[in-house]
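Asker: Next up is a structure, given as structure tokens.
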């Protein structure tokens with residue numbers, strides 16, 4: 001055994017190159033996110049991915065094995081960012097971000113720029129059983145983040161304690177899925193703020209217990 | 001003005017033929033419902049519609065102008081049947097029917113046999129702006145049935161009175177959309193019964209008001 005051999009070959013790459021690789025990877029993810037959101041998975045051709053990222057197909061597929069791997073990495077990246085918002089502010093805040101940022105609005109990076117990816121994930125889960133299997137193992141982190149957040153809220157006395165945390169988690173995920181679908185259908189979201197208030201109140205400690 | 005000229009030419013058709021027309025129309029709707037659910041809108045070719053209904057294309061398109069008109073009539077028919085369940089038992093019962101009947105299960109007519117149509121409506125609303133415009137005018141009846149049911153429940157003292165009926169209606173519709181999407185993605189529904197209990201309880205009169 002040689003002490004400097006790690007499981008990741010990045011360990012053997014100089015720091016400056018590592019930073020470069022990470023920046024390049026980020027550039028590809030951010031460019032292709034907009035491309036997948038605009039054209040859908042099938043419509044996001046290699047040529048369009050080149051245009052959207054400003055990189056050649058050679059450069060793109062140096063970092064990601066194929067389009068499918070790129071999309072899965074993107075979906076995983078977005079799920080990770082959503083999970084971070086969930087951990088700090090809860091899943092209802094994720095939903096509030098969604099309706100405060102109608103899809104298609106311009107203006108640079110936005111907390112809800114993952115909507116396009118999420119819609120494509122939902123669509124492919126409906127239509128592509130192979131994708132369903134590949135996504136299953138990656139989809140747990142949002143559920144886990146929601147569950148952990150709810151447990152902390154329960155410990156802090158903010159959550160109702162007459163309904164199991166698993167049920168509350170499923171409830172919030174179901175509403176999120178409905179909201180994503182609602183937005184995907186182009187339905188107006190400007191009247192949903194009080195609906196999300198109701199959702200939030202439904203998982204909170206009831207005043208009759210207070 | 002002639003007293004016997006009605007706005008509908010069916011008034012001039014003998015009763016037995018009217019019954020025949022209605023039965024034929026029903027035959028087409030029920031056969032094509034299964035066909036659209038199985039193959040999707042695009043995949044439901046005229047040949048497949050002929051097989052599914054047991055009728056020739058000439059007979060089918062004698063009753064419906066084209067495939068689009070047939071699909072819209074079907075979606076409207078299903079929305080009407082859903083609205084009837086809503087009027088009598090509420091939208092949460094519609095959702096309970098959905099999770100007690102996993103899509104694809106065999107066994108003849110079922111209260112949730114409209115799931116396939118509903119999924120296709122949702123998908124086409126996402127992908128087809130023209131369809132969106134045509135469907136908008138027809139989609140009101142489920143919302144109206146839900147709103148009217150909630151108003152009656154409020155008058156009967158069963159509904160919470162601190163949240164507007166419009167908000168409660170939107171809330172229930174959002175959960176339904178989430179449930180439809182959940183099932184469409186092939187996710188398990190066997191643990192959603194307590195989630196629907198929570199949804200139902202969230203619109204009911206709170207005990208603290210009782």
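Residue numbers (the UniProt record's numbering), protein chains in the order written: chain A, 1 to 210; chain B, 1 to 210. All C-beta atoms in this analysis are idealised placements derived from N, C-alpha and C, irrespective of residue type, glycine included.
1. Does the CB of residue 82 of chain B have a neighbour CB from chain A at under 8 angstroms?
2. Taking 8 angstroms as the CB-CB cut-off, is residue 78 of chain A touching chain B?
3. Quick check: is the beta carbon of residue 184 of chain A nearer than 8 angstroms to any beta carbon in chain B?
4. Of the choices B/23, B/125, B/19 and B/18, whose alpha-carbon is the least far from that of residue 214 of chain A?
5. If the cut is a Cβ gap below 7 angstroms, which residues of chain B does residue 94 of chain A touch?
6. Cβ of residue 178 of chain B less than 8 angstroms from any chain A Cβ?
7. Does DSSP put residue 96 of chain B in a helix, a strand or coil?
8. Using the C-alpha atoms, what's the distance from residue 153 of chain A back to residue 203 of chain A?
9. CB-CB under 7 angstroms to residue 24 of chain B, same chain, minus the five flanking residues each way: which ones, in chain order?
10. Of all the residues that make up the segment 156 to 172 of chain B, which are near chain A by a beta-carbon distance shorter than 9 angstroms?
11. Identify every run of the alpha helix (DSSP H) within the UniProt domain "HTH tetR-type" (22 to 82) of chain B, keeping only runs that are complete inside it and at least 4 residues long; order them along the chain.
12. With burial defined as no fewer than 16 other Cβ atoms inside 10 Å of the residue's Cβ, what is the status of residue 83 of chain A: buried or exposed?
13. By the criterion of Cβ-Cβ separation under 9 angstroms, what are the contact partners of residue 130 of chain B in chain A?
14. Can you tell me the Cα-Cα spacing of residue 44 of chain B and residue 18 of chain A, whole angstroms?
15. Give the interface partners of residue 190 of chain A over in chain B, defined as CB-CB distance under 7 angstroms, in chain order.
16. Pull up the distance between the alpha-carbon of residue 180 of chain B and that of residue 115 of chain B, whole angstroms please.
17. Kindly say whether residue 125 of chain B, judged by its beta-carbon, lies nearer than 8 angstroms to any beta-carbon of chain A.
18. Sort B/30, B/92 and B/34 by Cα distance to residue 198 of chain B and report the nearest one.
19. Exposed or buried, what is residue 178 of chain A when buried is set at 16 or more other beta-carbons lying within 10 Å of its beta-carbon?
20. Check whether chain E comes within 8 angstroms of residue 194 of chain A, counting only Cβ atoms and requiring the distance to be less than that.
21. Look up residue 159 of chain A in the DSSP assignment and say whether it is helix, strand or coil.
22. Compute the Euclidean distance between the alpha carbons of residue 16 of chain B and residue 163 of chain B, then round it to the nearest angstrom.
23. Name the chain B residues that come within less than 7 angstroms of residue 98 of chain A, Cβ to Cβ?
24. With the cut-off set at 8 angstroms, would you say residue 168 of chain B and residue 96 of chain B are in Cβ contact?
25. Per DSSP, which one or two residues make a beta bridge with residue 204 of chain A?
26. I need the DSSP call for residue 150 of chain A, collapsed to helix, strand or coil.
27. Can you tell me which of A/68, A/113 and A/147 puts its alpha carbon nearest to the alpha carbon of residue 78 of chain A?
28. Do you know how far the Cα of residue 53 of chain A is from the Cα of residue 139 of chain A?
29. Given this structure, state the Cα-to-Cα distance separating residue 75 of chain B from residue 145 of chain B, to the nearest angstrom.
30. Just the Cα atoms here: how many angstroms apart are residue 182 of chain B and residue 184 of chain A?
31. Determine, for residue 175 of chain A, whether the minimum Cβ-Cβ distance to residues of chain B falls below 8 angstroms.
32. Within this structure, are the beta carbons of residue 72 of chain B and residue 134 of chain B separated by less than 8 angstroms?
33. Report the rounded CA-to-CA distance for residue 189 of chain A versus residue 188 of chain B, giving the unit in angstroms.
34. Once the 5 residues before and after residue 205 of chain B are set aside, which same chain residues still bring their CB inside 8 angstroms of it?
35. Taking residue 120 of chain B as part of the alpha helix (DSSP H), name the residues at either end of that continuous run.
36. With DSSP run on the structure shown, which of helix, strand or coil describes residue 137 of chain B?
Answerer: This is what the structure gives:
1. Translated into positions along the second chain, residue 82 of chain B becomes position 82. It does not: the Cβ of residue 82 of chain B has no partner Cβ on chain A nearer than 8 angstroms.
2. Walking along the first chain from the start, residue 78 of chain A turns up at place 78. Closer than 8 angstroms to the CB of residue 78 of chain A there is not a single CB belonging to chain B.
3. Taking the first residue of the first chain as 1, we reach residue 184 of chain A at position 184. True, the Cβ-Cβ gap to chain B drops below 8 angstroms.
4. Shown here, chain A extends from 1 to 210; a query on residue 214 of chain A therefore has no answer.
5. Numbered from 1 along the first chain, position 94 holds the residue referred to as residue 94 of chain A. Here the premise fails: no neighbours, minimum Cβ distance about 14 angstroms.
6. The sequence position of residue 178 of chain B within the second chain is 178, counting from 1. Taking Cβ atoms only, chain A reaches closer than 8 angstroms to residue 178 of chain B, which makes this a yes.
7. Locating residue 96 of chain B in the second chain gives position 96, where the first residue counts as 1. Helix, per DSSP.
8. Here residue 203 of chain A refers to the residue found at position 203 when the first chain is read from its first residue. Here residue 153 of chain A refers to the residue found at position 153 when the first chain is read from its first residue. Those two C-alpha atoms are separated by around 10 angstroms.
9. Start at 1 with the first residue of the second chain, and residue 24 of chain B comes out as number 24. Excluding sequence neighbours, residue 24 of chain B sits near 63.
10. Within the segment 156 to 172 of chain B, those residues whose Cβ lies closer than 9 angstroms to any Cβ of chain A are, in chain order, 163, 164, 166, 167, 168, 170 and 171.
11. 46 to 53 and 57 to 63
12. If you number the first chain from 1, residue 83 of chain A lands on position 83. Answer is buried; the Cβ neighbour count reaches 16.
13. Within the second chain, the letter at position 130 stands for residue 130 of chain B. Those within 9 angstroms of residue 130 of chain B in chain A number zero; the least Cβ separation is about 12 angstroms.
14. The count along the second chain starts at 1 and reaches residue 44 of chain B at position 44. The count along the first chain starts at 1 and reaches residue 18 of chain A at position 18. Taken atom to atom, the span from the alpha-carbon of residue 44 of chain B to that of residue 18 of chain A is near 51 angstroms.
15. Taking the first chain and counting its residues from 1, one reaches residue 190 of chain A at position 190. The contacting residues do not exist; residue 190 of chain A stays about 11 angstroms from chain B at best.
16. Counting from 1 along the second chain, the entry for residue 180 of chain B is found at position 180. Counting from 1 along the second chain, the entry for residue 115 of chain B is found at position 115. About 7 angstroms.
17. The residue labelled residue 125 of chain B in the question sits at position 125 within the second chain. Yes, residue 125 of chain B counts as interfacial toward chain A.
18. On the second chain, residue 198 of chain B is found 198 positions in, with the first residue counted as 1. Minimum Cα distance to residue 198 of chain B is reached at B/92.
19. Translated into positions along the first chain, residue 178 of chain A becomes position 178. Result: buried.
20. In the structure shown, chain E does not exist; the protein chains are A and B.
21. Position 159 of the first chain, counted from the start, is the residue given in the question as residue 159 of chain A. DSSP places residue 159 of chain A within a strand segment (E or B) once states are collapsed to three.
22. Within the second chain, residue 16 of chain B is the residue found at index 16, counting from 1. Within the second chain, residue 163 of chain B is the residue found at index 163, counting from 1. If I take the Cα positions, the gap works out to 51 angstroms.
23. Your numbering for residue 98 of chain A matches position 98 in the first chain. None at all; the shortest Cβ gap to chain B is about 12 angstroms.
24. To locate residue 168 of chain B, count along the second chain from 1; it is residue 168. To locate residue 96 of chain B, count along the second chain from 1; it is residue 96. Contact check for residue 168 of chain B against residue 96 of chain B fails: the beta carbons are separated by 8 angstroms or more.
25. By one-based count along the first chain, residue 204 of chain A stands at place 204. Paired residue(s): A/159.
26. Against the first chain, residue 150 of chain A aligns to sequence position 150. In this structure, residue 150 of chain A counts as helix in the three-state DSSP scheme.
27. By 1-based counting over the first chain, the position of residue 78 of chain A is 78. Minimum Cα distance to residue 78 of chain A is reached at A/113.
28. Residue 139 of chain A sits at position 139 when you count from the first residue of the first chain. Residue 53 of chain A sits at position 53 when you count from the first residue of the first chain. When rounded, the separation of the alpha-carbon atoms in residue 139 of chain A and residue 53 of chain A is 26 angstroms.
29. Within the second chain, numbered from 1, the residue matching residue 75 of chain B stands at position 75. Within the second chain, numbered from 1, the residue matching residue 145 of chain B stands at position 145. Cα to Cα, residue 75 of chain B sits roughly 16 angstroms from residue 145 of chain B.
30. Your numbering for residue 182 of chain B matches position 182 in the second chain. Your numbering for residue 184 of chain A matches position 184 in the first chain. When rounded, the distance between both Cα atoms is 15 angstroms.
31. Along the first chain, one-based indexing puts residue 175 of chain A at 175. Residue 175 of chain A counts as touching chain B.
32. Counting from 1 along the second chain, the entry for residue 72 of chain B is found at position 72. Counting from 1 along the second chain, the entry for residue 134 of chain B is found at position 134. Result yes, Cβ atoms of residue 72 of chain B and residue 134 of chain B sit closer than 8 angstroms.
33. One-based indexing of the first chain puts residue 189 of chain A at position 189. One-based indexing of the second chain puts residue 188 of chain B at position 188. When rounded, the separation of the alpha-carbon atoms in residue 189 of chain A and residue 188 of chain B is 28 angstroms.
34. Taking the second chain and counting its residues from 1, one reaches residue 205 of chain B at position 205. Taken in chain order, the residues that qualify are 157, 158, 159, 160 and 161.
35. By 1-based counting over the second chain, the position of residue 120 of chain B is 120. That run of the alpha helix (DSSP H) goes 115 to 127.
36. Along the second chain, one-based indexing puts residue 137 of chain B at 137. Coil.
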